[in-house]
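In our numbering, the protein residues as written are 15 to 313.
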């Protein structure tokens with residue numbers, strides 16, 4: 015069988031798709047795999063802040079359309095880019111791969127967040143990141159930024175910024191780990207939902223592909239991602255809403271770090287709860303309800 019794999023064209027997206035391809039190729043040498051690069055609205059429009067784009071799924075819609083048209087067989091995305099609900103004709107396989115879920119600082123003028131000079135300029139395009147940073151250091155000047163990882167690292171120098179916030183997973187997948195100055199603990203910076211996890215999306219009718227991928231998946235990774243996405247779905251979140259969740263599994267228990275706020279960040283609440291591992295999804299849904307009530311959002 016020849017399997018066409020849809021992906022965005024950035025270096026990170028290609029690295030992610032190749033990582034999935036290599037796992038599948040190793041397990042199924044009888045099949046062949048082809049990477050198909052697809053441009054998305056989020057890639058083409060680099061001048062508008064993500065939270066100003068009204069559409070959900072700005073990095074995935076064109077790829078999903080090609081899935082539905084049958085021009086590709088499966089799609090590889092960053093799970094954190096996926097909207098809370100999918101087209102009814104599409105589904106995810108179980109989770110195959112996840113890198114470090116945490117956020118990191120790449121700093122130019124200090125070794126840690128705490129040691130940054132007063133009114134340091136830190137770049138991020140994320141409300142979730144900026145509002146949580148300001149909870150730690152309300153003197154910081156947050157600077158908006160767009161572009162792929164390489165572009166953001168270049169802007170750090172060109173714009174003489176003090177630092178930028180990035181996902182650990184992206185830097186590690188691109189072999190750029192040496193750029194990491196400080197890894198932010200979940201209690202300081204709750205990551206985006208399913209950050210570091212790769213989404214493999216297929217048409218529901220392609221049971222052959224679903225079985226192919228699911229046979230290789232890590233059940234623990236899938237537990238984490240399902241719980242975090244349950245939190246997202248309960249809040250119906252997108253780029254406009256600062257929210258994040260990180261599920262950490264132990265032998266019989268689970269920890270959940272969660273954050274949720276209103277659009278302007280004036281009401282931002284964090285939560286850290288734990289419970290029985292088999293109740294991870296229920297715990298995430300309960301956490302979403304608690305935070306929604308604290309922030310004052312709609313039911």
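C-beta atoms are modelled at their ideal positions from N, C-alpha and C, and glycine is treated no differently. All values reported here derive from a predicted model rather than from experimental measurement.
**OP:** Measure from the alpha carbon of residue 207 to the alpha carbon of each residue in 302, 132, 29, 191, then state which is nearest.
**Re:** Selected option, being the one with the closest Cα: 302.
Could you give the first and the last residue of the continuous beta strand (DSSP E) run that contains residue 49? Where residue 49 is concerned, the enclosing beta strand (DSSP E) stretches over 46 to 51.
ask   = What number of angstroms, rounded off, separates the C-alpha of residue 128 from the C-alpha of residue 167?
value = Straight-line Cα distance between these residues: approximately 21 Å.
Item checked: Beta-bridge partners of residue 106, as assigned by DSSP -> DSSP links residue 106 through a beta bridge to 215.
Q) Unbroken alpha helix (DSSP H) runs of length 4 or more, entirely within the segment 92 to 172: which are they? A) Runs of the alpha helix (DSSP H) spanning 4 or more residues and lying entirely within the segment 92 to 172 occur at 141 to 150, 163 to 172, in chain order.
message: I need the DSSP call for residue 240, collapsed to helix, strand or coil.
response: Reduced to three states, the DSSP call for residue 240 is helix.
Can you name the residues that DSSP bridges to residue 274? Looking at the DSSP assignment, residue 274 forms a beta bridge with 257, 283.
Are residue 181 and residue 242 touching if we call contact CB-CB under 9 Å? Their beta carbons are not under 9 Å apart, which means residue 181 does not touch residue 242 by this criterion.
For residue 48, collect the residues of the same chain with a Cβ closer than 8 Å to its Cβ; drop the 5 residues on either side in sequence, then sort them by chain order.
-> For residue 48, where only same-chain residues beyond five positions count, the Cβ hits under 8 Å are 16, 17, 18, 19.
>> Looking only at its chain, what residues have a beta carbon closer than 8 Å to the beta carbon of residue 23, apart from the 5 residues adjacent to it on each side?
In response: Closer than 8 Å at the Cβ level, and outside the excluded window around residue 23, lie 51, 52, 53, 57.
Requested in this report: Locate the beta strand (DSSP E) running through residue 18, then write down its first and last residues.
Outcome: For residue 18, the enclosing beta strand (DSSP E) stretches over residues 16 to 21.
* Asked: Would DSSP call residue 200 helix, strand or coil?
  -> In this structure, residue 200 counts as coil in the three-state DSSP scheme.
Per DSSP, what kind of secondary structure is residue 80 in: helix, strand or coil?
-> Assigned with DSSP and collapsed to three states, residue 80 falls in helix.
* Would you mind working out which of 212, 263, 256 sits nearest residue 234, comparing C-alpha positions? => It is 263.
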